[in-house]
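Structure, as structure tokens:
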Amino acid sequence: MSRGSQDPQDRGRQRRSRWGPKSQASGFADPVTAITAAMTAEQLEAYVMIFRIEEISQSLQTDCTDRTNNSRARSASPPPEYDASGRRTNTRERRQRQRLEDERQRLVDAALKTFDDYRAPRDLRSSQQRNGLIKEKVFIPVMDFPTLNFIGQILGPRGQSLREMNAESGANIVIRGKGSAKEGSSRCHRTTTTTDDMQEPLHCLIAADSQQKVDKARGLINRVIENVICMPEDQNERKRGQLRQLAQLNGTSRDDEHQVCQNCGQHGHRRYACLEPKRFAANITCRICHNAGHLSRDCPDRRGTSNNVPPWRRERMAMRLESDLTGGDRDFEQFMLELGN
Numbered sequence: 020m021s022r023g024s025q026d027p028q029d030r031g032r033q034r035r036s037r038w039g040p041k042s043q044a045s046g047f048a049d050p051v052t053a054i055t056a057a058m059t060a061e062q063l064e065a066y067v068m069i070f071r072i073e074e075i076s077q078s079l080q081t082d083c084t085d086r087t088n089n090s091r092a093r094s095a096s097p098p099p100e101y102d103a104s105g106r107r108t109n110t111r112e113r114r115q116r117q118r119l120e121d122e123r124q125r126l127v128d129a130a131l132k133t134f135d136d137y138r139a140p141r142d143l144r145s146s147q148q149r150n151g152l153i154k155e156k157v158f159i160p161v162m163d164f165p166t167l168n169f170i171g172q173i174l175g176p177r178g179q180s181l182r183e184m185n186a187e188s189g190a191n192i193v194i195r196g197k198g199s200a201k202e203g204s205s206r207c208h209r210t211t212t213t214t215d216d217m218q219e220p221l222h223c224l225i226a227a228d229s230q231q232k233v234d235k236a237r238g239l240i241n242r243v244i245e246n247v248i249c250m251p252e253d254q255n256e257r258k259r260g261q262l263r264q265l266a267q268l269n270g271t272s273r274d275d276e277h278q279v280c281q282n283c284g285q286h287g288h289r290r291y292a293c294l295e296p297k298r299f300a301a302n303i304t305c306r307i308c309h310n311a312g313h314l315s316r317d318c319p320d321r322r323g324t325s326n327n328v329p330p331w332r333r334e335r336m337a338m339r340l341e342s343d344l345t346g347g348d349r350d351f352e353q354f355m356l357e358l359g360n
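Residue numbers for the sequence shown follow the working numbering, so the first one is 20 and each next one is one higher.
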């Protein structure tokens, strides 16, 4: 049959393409939306929550995510991102699916807190709460405060502060996102999941087996972030303690608590940090006891060194005393010389 003599029915048919309309095949039955009985405000809110969870679950299972065909109504697409295998990770379908999964996760968390007998969907428990762990992200405001070192004060010297936070909260806290690892390190090329995490903003990933541990770990992280933002570096006790721990680990620590100030004689600070006026006696050092504050002739340990005095000097000192001193002073100095012998 020639092209010009085609059947009118065949001519009216449209060729199927990937850009054609969606298939009209039957899928899941639509949930019941008609409310026939009287419900309180709490019951109505609970019904809307459960209905939305079921609606999102069906959309994810059938891959019927909402797609906006109008290009003017869509927002601008972000720059493309690729994983280690060269596959694009931020396509429109993936971003829409991720938004639906995040919304469902928030609704399920709220339902678990509200209803005691509520059970989350099976696929959600296997993907979001794998091995019974609850995960949560706490984002670090590095874009708002680019000059502050959040990672350093969260990790501490050789990760000591982070280990203390893990032990105190009972959760596992790790740092993920852009800037959490050096460029070219092995952690950037381990798995696809790690590569996807590296494309997200800098954040702390918390994983625990209970919500109480997650909340406690989140509070510790937020406390450190607020301390870094609000506290100046010279008044930040956390940073000073971390520097002290680092000096102890490196073997360069100097204990200032038991250090005696050479200016005022008090403990806990050094001479350059002393608030007292500068004293001239503090710059005088005794050659006998090697202490500061007195001359060698006034040293209380001088008697113990009288045996080191040569005999001729001792005789000259005795003659000088006899010529200079009289009465009780001469007897006292003679007594002191005899004690030295």
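C-beta: ideal position from N, C-alpha, C; glycine also.
Here the alpha carbons of A226 and D135 stand approximately 22 Å from one another. In this structure I72 is not in contact with R118, their Cβ atoms being roughly 15 Å apart against a cut-off of 8 Å. Contact check for T133 and A65: beta-carbon distance about 7 Å, within the 8 Å limit, so the pair qualifies.
Taking C-beta separations shorter than 6 Å and ignoring five residues to either side along the sequence, the partners of R107 in its chain run P99 and Y101, following chain order. The alpha-carbon separation between A95 and F164 amounts to approximately 27 Å. Cβ-Cβ distances below 8 Å link N168 to V247 in the same chain, with the five nearest sequence neighbours on each side left out; the list follows chain order. With 16 or more other Cβ atoms inside 10 Å of its own Cβ, S180 counts as buried. Boundaries of the beta strand (DSSP E) around I194: N191 to R195. If the five residues before and after P220 are omitted, its C-beta is found closer than 7 Å to the C-beta atoms of F158, G196 and K197, all from its own chain and listed in chain order. For the pair C318 and I244, the Cα-to-Cα distance works out to about 55 Å. Distances from the alpha-carbon of S199 to those of D234, V161 and M184 put V161 closest. A distance below 6 Å between beta-carbons, with the five flanking residues on each side excluded, links K235 to the following residues of its chain, in chain order: S188.
In the DSSP assignment, A200 forms no beta bridge with any residue.
Of the residues assessed, N241 falls on the exposed side of the cut-off, its CB having fewer than 16 other CB atoms within 10 angstroms. Sequence-distant partners of C283 (beyond 5 residues in either direction) whose C-beta falls short of 7 Å from its own C-beta, in its chain, are C293 and E295.
Separation of Q267 and G175 (C-alpha to C-alpha, rounded to the nearest whole angstrom) is 13 Å. The distance from the Cβ of R116 to that of L79 is about 7 Å, consistent with a contact at the 8 Å cut-off. Excluding residues up to 5 positions away in sequence, P140 lie with their Cβ nearer than 6 Å to the Cβ of S76 in the same chain. Between I170 and I192, the gap from beta carbon to beta carbon reaches 8 Å or more.
Counting along the chain, K235 sits inside the alpha helix (DSSP H) bounded by residues Q230 to C249.
Checking the DSSP bridge columns, you'll see Y137 has no partner listed. Excluding residues up to 5 positions away in sequence, nothing lies with its Cβ nearer than 6 Å to the Cβ of N255 in the same chain. Inclusion of A186 and V233 in the CB contact set at 8 Å is not warranted, their separation being larger than that value. In this structure, L126 and M68 form a Cβ contact; the two beta carbons are roughly 6 Å apart against a cut-off of 8 Å. Fully enclosed alpha helix (DSSP H) runs of no fewer than 4 residues occupy 60-81 of the segment 57-81, in order along the chain.
About 6 Å separates the CB atoms of Q172 and R257; that is less than 8 Å, so the two are in contact.
E357 is the residue among N109, E357, L314 and H313 whose C-alpha sits nearest the C-alpha of E334. If you check the CB distance, D228 and L131 do not come in under 8 Å.
When secondary structure is reduced to three states using DSSP, R316 falls in the coil class, being assigned neither helix nor strand. It is roughly 55 Å from the alpha-carbon of L265 to the alpha-carbon of T81. The three-state secondary structure of E295, taken from DSSP, is coil.
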